[in-house]
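Written out below as structure tokens is the structure these notes cover.
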Amino acid sequence: MQGRLGRVLVACAALAAAACGDAENVKVQPLPPLQRPTAEARAGLPEVRGLWRFAGFEIPARDTMLVREKVYMLTPLGDFQIATQRMDSIAGRYVRGPVTFPFTGEVRRDSVLAIVAFSGGVGQFLSGRVLRDTLWVEMTSFSSAVETWPRGTRAALVRKVGGAPFRRLLGGAPINVPVDSAALDSVRMDSLRRAGVLPPDSAQPVPGAMPPAAGMPPTGAAPAVVPQPGVPQQRLPQTQPAVPPANRPAQPVTRPAQPVTRPAQPVTRPAQPRPAQPRPPAQQAPPVSQPPVQQQPPVSQPFPQPAAPRDTIRFPG
Numbered sequence: 001m002q003g004r005l006g007r008v009l010v011a012c013a014a015l016a017a018a019a020c021g022d023a024e025n026v027k028v029q030p031l032p033p034l035q036r037p038t039a040e041a042r043a044g045l046p047e048v049r050g051l052w053r054f055a056g057f058e059i060p061a062r063d064t065m066l067v068r069e070k071v072y073m074l075t076p077l078g079d080f081q082i083a084t085q086r087m088d089s090i091a092g093r094y095v096r097g098p099v100t101f102p103f104t105g106e107v108r109r110d111s112v113l114a115i116v117a118f119s120g121g122v123g124q125f126l127s128g129r130v131l132r133d134t135l136w137v138e139m140t141s142f143s144s145a146v147e148t149w150p151r152g153t154r155a156a157l158v159r160k161v162g163g164a165p166f167r168r169l170l171g172g173a174p175i176n177v178p179v180d181s182a183a184l185d186s187v188r189m190d191s192l193r194r195a196g197v198l199p200p201d202s203a204q205p206v207p208g209a210m211p212p213a214a215g216m217p218p219t220g221a222a223p224a225v226v227p228q229p230g231v232p233q234q235r236l237p238q239t240q241p242a243v244p245p246a247n248r249p250a251q252p253v254t255r256p257a258q259p260v261t262r263p264a265q266p267v268t269r270p271a272q273p274r275p276a277q278p279r280p281p282a283q284q285a286p287p288v289s290q291p292p293v294q295q296q297p298p299v300s301q302p303f304p305q306p307a308a309p310r311d312t313i314r315f316p317g
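In this text, residue positions in the sequence shown follow the UniProt record's numbering: the first is 1, and each later residue adds one.
This is how it looks when you write it as structure tokens:
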């Protein structure tokens, strides 16, 4: 009896094992993720929420050594605390030591990010791109309003900073720290002496000293005396030549010949005739007006009387 029961159990187990094989036309649906993606991720926008800190500068490899040395004098950026992101709009605060003020901006699907702020009535801006975990700043006025970056320079902002800020070329090659100016001047002077441009006993330049202008004597040299006509030249007393050491032969000291000045001769100029003064034009007398001629009335002639004999006396009747 027990043997039959054992065989029945073995047969049931075999049937159950056969039924657990792979079934045909069966689709397995994966479980949904435990963390639901954000609205920005579903829209294809980069998520820039968090703290971004300055990591270093990067310049193109074609720049000159002067530009590479200038990178070490650029003002680094502060920290950008992006506290809020709603789709393509962002907001936060800029912190650099004791200075802090709010800013707003936006980010696009092509990873372009722009930030604007108003600190004390002065507008400031920032523009760059978000590539993976780095925000590359291409143009900004947050570091300094009067400072201009060399062409192609960009600053890196990351969320986790490790080590000192870097200065490197495009591609990852680091830029060496510029040498001291005094050492650079010494190296340049040595190269000029080896090339024969400068004499071997030329003095070292003083760091920071300005070269003399054209036509001006060097510092410490006696001013050149320019002879003027008519002014007697004062000859300086000649000093005795220095006594050379006993083990060196004395060398003759040659002095430049003093220029001979001749007294200026008076220059006679021919007498020029005195220019004649122009005479004033003759004034014409005003015309004299004559009084108008008064017409006299005509004199009445007596009525002619008929001829009368001389012996006839007529009395008036």
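The beta carbon of each residue, even a glycine, is placed where N, CA and C say it ideally should be.
| The alpha helix (DSSP H) spanning residue 319 covers which residue range? | Absent from the model: residue 319. The displayed extent of the chain is 1 to 317, so no value can be given.
| query | What do you get for A13, buried or exposed, if any count of 16 or more other CB atoms within 10 angstroms of its CB means buried? | reply | exposed
| task | Consult DSSP for G152 and reduce its assignment to one of helix, strand or coil. | result | coil
| query | Taking the beta strand (DSSP E) that P102 falls in, what are its first and last residues? | reply | V99 to V107
| Which of helix, strand or coil does DSSP assign to V161? | coil
| Is V107 buried or exposed, if buried means 16 or more other CB atoms sit within 10 Å of its CB? | buried
| message | Taking a contact to mean a Cβ-Cβ separation below 8 Å, would you say G97 touches I82 in this structure? | response | no
| task | Would you mind working out which of E138, T75 and S89 sits nearest V48, comparing C-alpha positions? | result | S89
| message | So for G123, helix, strand or coil by DSSP? | response | strand
| said: Can you look up V116 in the DSSP assignment and give me helix, strand or coil? | reply: strand
| task | Tell whether a beta-carbon distance below 8 Å holds between A55 and L131. | result | no
| said: So A39 and M87 are supposed to be a Cβ contact under 8 Å. How far apart are they, rounded? | reply: 6 Å
| said: On a Cα-Cα basis, can you pick out the residue from D110, S144, A114 and Q277 that is closest to G44? | reply: D110
| said: So, for S141: in the same chain, excluding its five sequence neighbours on each side, which residues have a beta-carbon less than 7 Å away from its beta-carbon? | reply: Q124 and F125
| task | Mind checking which residues open and close the beta strand (DSSP E) that includes S143? | result | Looking at the DSSP string, S143 is not in any beta strand (DSSP E), and its letter there is neither H nor E.
| task | Determine the direct distance from the alpha carbon of T134 to that of L170, and round the result to whole angstroms. | result | 15 Å
| query | Exposed or buried, which one is R53 when buried takes at least 16 other CB atoms within 10 Å? | reply | buried
| Helix, strand or coil: how does DSSP classify A61 here? | coil
| query | Which partner residues of G92 appear in the DSSP bridge assignment? | reply | I82 and F103
| Counterpart residues of P174 in DSSP-defined beta bridges | R168
| message | Among the candidates G78, S127 and G120, whose CA atom is the shortest distance from the CA of V161? | response | G78
| task | Would you kindly check if the distance between the Cβ of R129 and the Cβ of G50 is under 8 Å? | result | no
| query | With C-beta atoms as the reference, is S119 less than 8 Å away from T75? | reply | no
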